[in-house]
Amino acid sequence: LRGDYQEAAEAYRRARGCQDCSAEQGDVLMFNEARMLAKAGSRERALALFEQQATAFDARFGQQRSIEQAALLREMGRRVDAERLLDAVARDGAASPMAWLQAGEEFERLGHPSKAEAMFVRAAETVPIADYLLARLKLLQGDTDPSLQLLERVAKAQPAEVRRRLREDADAWQAVARETRYQELCSAPSATPGR
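Residue numbers (this note's numbering): 10 to 204.
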């Protein structure tokens, strides 16, 4: 619907009412409905939808509901409630590494760098891009050398993704923009010569 978030939310709501909509499809549609409501500025309605379906969402999608609900709460200025949800994700040993990564991003947005770092470290064991987020966090804290070491490590694992993120986050990396190590990571590798 090209930016008409309110109408998109309504379309997802209608789709949930279709006879052939399975329970799992209904949950996915409800997630999308809540996301569109939030983008349309109806955060209270989005929050109510998440809370209404918390048990079903959590059974099927693990911690995703908690993370998205925490983001909504943060945007609404309810930072303590957001942190409480994220703390529950952090305590859940069965949460997925992607959930830890997303929780880390939310902790960082809330201004809790130590909690964010703990989540990124846990996620990095299986989600290499977590090292990029940890590198950026460390740089923002003034830890330049550890930041560049992490950045070099993740660039070996995911070079194209790291270059893309470095372009998108250029402002965050200004403190090291003139350093050779950083510039080498930003540049694309030379093409293999043809025969």
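Positions of the beta carbon are idealized from the N, C-alpha and C atoms, including for glycine.
Run through DSSP, which three-state label would residue i get?
i	result
R167	With the sequence shown as reference, residue 167 is identified as Gln, and Arg is not the correct amino acid for it. Of the three classes helix, strand and coil, the one that applies to Q167 here is coil, per DSSP.
G35	helix
Q150	coil
Q111	helix
E134	coil
A49	coil
A139	helix
A103	coil
A186	coil
C30	coil
A200	Unreliable positioning characterises A200 in this predicted model, as indicated by a pLDDT of 45, which lies under 50. A coordinate reading is not provided.
M85	coil
R11	coil
Q61	helix
Pull up the distance between the alpha-carbon of residue i and that of residue j, whole angstroms please.
i	j	result
L110	G35	26 angstroms
A181	A91	25 angstroms
A18	E188	46 angstroms
P155	D140	11 angstroms
L81	H121	17 angstroms
S199	A186	Unreliable placement is indicated for S199, whose pLDDT of 48 sits below 50; no coordinate value is reported for it.
R173	L194	11 angstroms
L10	E16	7 angstroms
R44	S51	10 angstroms
Q28	A184	56 angstroms
F40	E114	20 angstroms
Near residue i, what residues of its chain come up, given a Cβ to Cβ distance below 6 angstroms and the 5 sequence neighbours on each side ignored?
i	result
L38	Y21, A24, R25
L46	A18, R54, A55
R190	L157
Y14	M45, K48, A49
My assumption, with CB atoms under 8 angstroms, is that residue i sits in contact with residue j. Please give the rounded CB distance.
i	j	result
L95	A108	The pair is not a contact, with the Cβ atoms about 10 angstroms apart (cut-off 8 angstroms).
Q72	F59	Going by Cβ atoms, the distance from Q72 to F59 rounds to 12 angstroms, so no, they are not a contact pair.
A125	F116	4 angstroms
Y146	F129	For the sequence presented, residue 146 should be read as Leu rather than Tyr. Indeed, because the Cβ distance is near 7 angstroms, the residues count as touching under 8 angstroms.
L143	A133	7 angstroms
D168	T135	The sequence shown places Pro at residue 168, rather than the Asp named in the question. Contact flag wrong, Cβ pair sits at about 19 angstroms.
For residue i, which residues in the same chain have their Cβ closer than 7 angstroms to its Cβ, ignoring the five residues on either side in sequence?
i	result
R74	F59, A63, F66, D67
E170	I138
E33	R69
M85	R52
Can you confirm whether residue i, when its beta carbon is compared against all beta carbons of chain B, has any partner nearer than 9 angstroms?
i	result
T189	The structure shown contains no chain B; it is built from a single protein chain.
Excluding the five sequence neighbours on either side, which residues of its own chain have a C-beta within less than 8 angstroms of the C-beta of residue i, listed in chain order?
i	result
R88	L82, L119
A179	A186
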